[in-house]
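Asks: Residue numbers (this note's numbering): 219 to 278. Glycine included, each C-beta is placed from N, C-alpha and C at the ideal position. Attaching a single structure in structure tokens format; questions to follow.
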């Protein structure tokens with residue numbers, strides 16, 4: 219899903235590069251409440267951003 223969205227953003231007719239990072243989580247495996255779900259999704263978002271940074275993708 220993220221790759222598809224970023225592909226669409228790459229074709230947007232704007233004078234700058236648009237990219238996004240998305241964190242997601244599923245209920246289960248120690249994710250039982252909406253607070254757990256939000257924390258897990260937030261942690262995943264920062265993991266994705268860290269991976270992009272390691273790969274040399276510029277993040278703002």
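1. Are at least three pairs of beta-carbons, each pair with one atom in the segment 233-246 and one in the segment 263-274, less than 8 Å apart?
2. With residue 231 as the anchor, note down where its alpha helix (DSSP H) starts and where it stops.
3. Residues in the same chain with beta-carbon distance under 7 Å from residue 229, minus the five sequence neighbours each way, listed in chain order, please.
4. Would you check if the distance between the CB atom of residue 259 and the CB atom of residue 249 is smaller than 7 Å?
Replies: So, from the listed chains and residues:
1. Yes, the segment 233-246 touches the segment 263-274.
2. Along the chain shown, read from residue 1 onward, the residue named residue 231 stands at position 13. Where residue 231 is concerned, there is no enclosing alpha helix (DSSP H), given that its DSSP letter is neither H nor E.
3. For the purposes of this step, residue 229 is identified with residue 11 of the chain shown, where counting begins at 1. Result list for residue 229: empty, nothing under 7 Å.
4. On the chain shown, position 41 is the one that residue 259 refers to. On the chain shown, position 31 is the one that residue 249 refers to. In this structure, residue 259 sits away from residue 249, with a CB-CB distance that is not shorter than 7 Å.
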